[in-house]
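Visitor:
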Amino acid sequence: MLSVQGLGLHHSGNYLFQNTNFTIKKDDKVGLVGKNGAGKSTLLKMLSGEINFYEGNIVPEGNITIGFLKQDLDFVKGRTVWNETMQAFEQINAWKTQLEDVNHQLATRTDYESDAYTDLINKMTELNDLLMNHDAYNLEGDMEKILFGLGFKADDFHKITDEFSGGWRMRIELAKLLLQKNDIMLLDEPTNHLDMESIIWLENFLKDYPGAIVLVSHDKQFMTAVCNRTFDINNKKVDDYKANYSKYLIMREERREKLIQAKKNQDSEIKQMEDNINKFRASATKASFAQSLIKKLDKIERIEVDNEDVSKFNIRFVQSMVPGKVIFEAEHLGKAYGNKQIFDKVDFIVQRGDRIALLGQNGQGKTTLAKILAGDIKDYSGTWNLGHNVNIGYFAQNQEEVLTPNKTVLEEAEDAATEETRPRVRDLLGSFLFQGDAVTKKTKVLSGGERNRLALCKLLLRPFNTLIMDEPTNHLDIQSKEIIKLALQNFEGTLIVISHDREFLDGLCDKIYEFRDGRMKEFLGSVGEYLEYRQKETLREISAEKAKLHKYDAKVEPKPAPKEVKVEEKSSTIVSKEQKNIQNKLKKVEERISELEADVETMEASFAKENPSEETLEKYNKAKEDLELALQEWEHLGSQLD
Numbered sequence: 001m002l003s004v005q006g007l008g009l010h011h012s013g014n015y016l017f018q019n020t021n022f023t024i025k026k027d028d029k030v031g032l033v034g035k036n037g038a039g040k041s042t043l044l045k046m047l048s049g050e051i052n053f054y055e056g057n058i059v060p061e062g063n064i065t066i067g068f069l070k071q072d073l074d075f076v077k078g079r080t081v082w083n084e085t086m087q088a089f090e091q092i093n094a095w096k097t098q099l100e101d102v103n104h105q106l107a108t109r110t111d112y113e114s115d116a117y118t119d120l121i122n123k124m125t126e127l128n129d130l131l132m133n134h135d136a137y138n139l140e141g142d143m144e145k146i147l148f149g150l151g152f153k154a155d156d157f158h159k160i161t162d163e164f165s166g167g168w169r170m171r172i173e174l175a176k177l178l179l180q181k182n183d184i185m186l187l188d189e190p191t192n193h194l195d196m197e198s199i200i201w202l203e204n205f206l207k208d209y210p211g212a213i214v215l216v217s218h219d220k221q222f223m224t225a226v227c228n229r230t231f232d233i234n235n236k237k238v239d240d241y242k243a244n245y246s247k248y249l250i251m252r253e254e255r256r257e258k259l260i261q262a263k264k265n266q267d268s269e270i271k272q273m274e275d276n277i278n279k280f281r282a283s284a285t286k287a288s289f290a291q292s293l294i295k296k297l298d299k300i301e302r303i304e305v306d307n308e309d310v311s312k313f314n315i316r317f318v319q320s321m322v323p324g325k326v327i328f329e330a331e332h333l334g335k336a337y338g339n340k341q342i343f344d345k346v347d348f349i350v351q352r353g354d355r356i357a358l359l360g361q362n363g364q365g366k367t368t369l370a371k372i373l374a375g376d377i378k379d380y381s382g383t384w385n386l387g388h389n390v391n392i393g394y395f396a397q398n399q400e401e402v403l404t405p406n407k408t409v410l411e412e413a414e415d416a417a418t419e420e421t422r423p424r425v426r427d428l429l430g431s432f433l434f435q436g437d438a439v440t441k442k443t444k445v446l447s448g449g450e451r452n453r454l455a456l457c458k459l460l461l462r463p464f465n466t467l468i469m470d471e472p473t474n475h476l477d478i479q480s481k482e483i484i485k486l487a488l489q490n491f492e493g494t495l496i497v498i499s500h501d502r503e504f505l506d507g508l509c510d511k512i513y514e515f516r517d518g519r520m521k522e523f524l525g526s527v528g529e530y531l532e533y534r535q536k537e538t539l540r541e542i543s544a545e546k547a548k549l550h551k552y553d554a555k556v557e558p559k560p561a562p563k564e565v566k567v568e569e570k571s572s573t574i575v576s577k578e579q580k581n582i583q584n585k586l587k588k589v590e591e592r593i594s595e596l597e598a599d600v601e602t603m604e605a606s607f608a609k610e611n612p613s614e615e616t617l618e619k620y621n622k623a624k625e626d627l628e629l630a631l632q633e634w635e636h637l638g639s640q641l642d
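Throughout the sequence shown, residue numbering follows the UniProt record's numbering, covering 1 to 642 in sequence.
#1: Would you call the CB atoms of F348 and Y513 closer than 8 angstroms?
#2: What residue does the beta strand (DSSP E) around K188 start on, and which one ends it?
#3: Which residue spans inside the region 249–333 form an unbroken alpha helix (DSSP H) run of at least 4?
#4: With 16 other CB atoms within 10 Å as the buried threshold, where does Y248 fall?
#5: Unbroken alpha helix (DSSP H) runs of length 4 or more, entirely within the region 2–90: which are they?
#6: So for T404, helix, strand or coil by DSSP?
#7: In the DSSP assignment, find the unbroken alpha helix (DSSP H) run with N133 in it and report its ends.
#8: Roughly how many angstroms lie between the CA atoms of Q266 and A290, to the nearest whole one?
#9: For the alpha helix (DSSP H) that contains residue 645, what are its first and last residues?
#10: Which stretch, first to last residue, makes up the alpha helix (DSSP H) that contains L174?
#11: Nearest to D517 by alpha carbon, out of W634, K77, I483 and K153?
#12: Could you tell me the boundaries of the alpha helix (DSSP H) in which Q479 lies?
#13: Take the Cβ of D135 as the centre, count every other Cβ of all protein chains shown within 10 Å, and call the residue buried at 16 or more, exposed below.
#14: In chain order, what residues of the same chain lie with their CB nearer than 6 angstroms to the CB of L410, ignoring the 5 residues before and after it?
#15: Do T466 and I392 have their C-beta atoms within less than 8 angstroms of each other?
#16: Step through the CB atoms of chain B and report whether any lies within less than 8 angstroms of the CB of T65.
#17: Are the CB atoms of N52 and Q5 nearer to each other than 8 angstroms?
#18: Span of the alpha helix (DSSP H) holding K426?
#19: So, with DSSP's three-state summary, where would you put G448?
#20: Round the Cβ separation of C457 and L486 to the nearest angstrom and send it over; I've been treating them as touching at under 8 angstroms.
#21: Residues in the same chain with beta-carbon distance under 7 angstroms from R422, minus the five sequence neighbours each way, listed in chain order, please.
#22: Looking at C-alpha atoms only, which residue of E253, L505, A374 and N276 is the closest neighbour of K481?
#23: Please tell me whether L358 and F523 are closer than 8 angstroms, where the distance is taken between their beta carbons.
#24: Could you tell me the distance, in whole angstroms, from the CA atom of E564 to the CA atom of D208?
#25: Could you compute how far the alpha carbon of I24 sits from the alpha carbon of K340?
#26: Using a Cβ-Cβ cutoff of less than 7 angstroms, which residues in the same chain neighbour F464 once the five nearest sequence positions on both sides are dropped?
#27: Return the first residue and the last residue of the alpha helix (DSSP H) that F504 is part of.
#28: Can you pull the DSSP bridge partners for G436?
#29: Cutting at 8 angstroms between CB atoms, please list the residues of its own chain near P405, excluding the five before and the five after it.
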């Protein structure tokens, strides 16, 4: 589909890529990996045609279409979510407009026998054929599917896009790109601004996508699930691995071991040459030989091996005094902005040593709760109390609001340090990739990833016993995420973290606070167990949203009634009895599900007030198992009824 030949790009004489060659075929789903600054986003821009000043050639095969998800938005104000999403079908919309004009002319003209009238009829036929061939009359179903999958509700479809945040508008842009069904789709950090449910939906959508995909992502689980090929960008070249991300890691380590051995051999050869140069340089008879060795040495292309072992960093949070048993206790906690209630009547107790993930769709109140607990928001309803000797370290989502613009990286870190940790400042900055002149950069010129790394470094320079982390992995590359995860796993205090990165949360948290529809619900278990539960719930919610949309949206045309089929009376009676039997079973299962859900919620509420006994935990686990079986039976009966 697309061939890259001898690709090269340089700035001021320094190459970002040099003599790069690869081919992208129809079913390829390629993940681009490499350190920040390696050129991943730049390569996407080159493939899209946005950057056209390069060496070599990028040759598309035939008239293929290429779609590119960029981070900059260009929306026309005043459009609804639905109308903006419809902009994905530019050509189809143009054909529909032409067809409306042709139909209008046919309805108003009376020169039925003229050539012009015949031409209009032919044009109408041509346009109808084009629209039928492009499935133009079934677009609304695709739009609903994708908008629901990306987290929109039926009520959102006819809201103006101006009402939505930049993150939600980026979802609309992503929806438009997915609907276009391009031959090659280029995605730069597509999971940014998505919550965990939407990430999983997008993951499944891309796995079944009929075209080629090239994507940049720092979500390892997402990359492993979607990609069947990995491009590793390093040292001005692209190494092509015919494997997903997990297998690529194994193959890269094998290649790296061979590279380490080759570097040892090269280093030995270089040392021997340098020794001979020093030995013969002063000799009149051997000077020419020494000069030839110098020229040979200059031509050697040095083998470089990146150090990717994160365990060597041994970064640890400084532990402060031991707090009391209760860290936070909230009762009927709520927060509203004007007439918009974010959440209400939230009760919970956070105990010493708890490791909690705050999960849920964007805009449901996770960051708001974090700010309340960190003391940044003072205006709220209800009450909450801070435990004895609790010392909070807070990582805010928007670091540009926290860092001092005119301070250097080093000054910002030194100001955060204590007398005990000040000697470690430069070493810690180096661990977070601030080395050499990088420590003299002003914080106002730092990238998003650099700001996050600096903020994390500052947290490591002061003693805390409770950490509240709001999206700590945003803008971080995979190695930096592994470094901070290792430090958090070794942290002995209480942890509350907001993140949509499943791999990062896996093994880090053992309790979930789910924010949904203005409420917070506690879920005891791993992130994986929670996601299994949430996936089933999401299917039910999407079905309800679809029913709601088609019940109340007058713009959706009713489907034509099915053709009447004559069936023998006896057969019809049998079918009716079977359906009635299934419906009765379905009703009983739904009642059982409601009872079990109520039991589970009651027990979970009691867990927040006191530690459960072993007998209570056994009942709780049994109720969850019964609920799982009931849900499976509900799905099975529902499919039979369909």
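Even for Gly, the Cβ is constructed at its ideal location relative to N, Cα and C.
Guide: Reading it off the structure:
#1: In contact: F348 and Y513 (Cβ atoms closer than 8 angstroms).
#2: Inspection of the sequence shows that residue 188 is occupied by Asp rather than by Lys. Unbroken beta strand (DSSP E) run through D188: I184 to D188.
#3: 287–299
#4: buried
#5: 40–48 and 81–86, all fully within the region 2–90.
#6: coil
#7: D115 to N133
#8: 19 angstroms
#9: Here the chain has residues from 1 to 642 only, and residue 645 is not among them.
#10: G166 to Q180
#11: Per the C-alpha coordinates, the member of W634, K77, I483 and K153 positioned closest to D517 is K153.
#12: I478 to N490
#13: Taking a 10 Å sphere around the C-beta of D135, we find fewer than 16 other C-beta atoms and assign the residue as exposed.
#14: The answer, listed in chain order, is V439.
#15: A distance below 8 angstroms separates the beta carbons of T466 and I392.
#16: The structure shown has no chain B; it contains just one protein chain.
#17: no
#18: Before going further, note that residue 426 is Arg rather than Lys in the sequence given. From DSSP, the alpha helix (DSSP H) with R426 extends over V425 to S431.
#19: Collapsing the DSSP output to three states places G448 in a helix.
#20: At roughly 15 angstroms, the Cβ-Cβ gap does not stay under 8 angstroms, so C457 and L486 are not in contact.
#21: E414
#22: L505
#23: no
#24: Any reading at E564 is ruled out, since the residue's pLDDT is 36, under 50, leaving its predicted position unreliable.
#25: 48 angstroms
#26: F317, S320, N391, I392, G393 and G493
#27: Per DSSP, the unbroken alpha helix (DSSP H) holding F504 starts and ends at R502 to L505.
#28: Bridge pairing for G436: absent [DSSP].
#29: K442, T443 and K444
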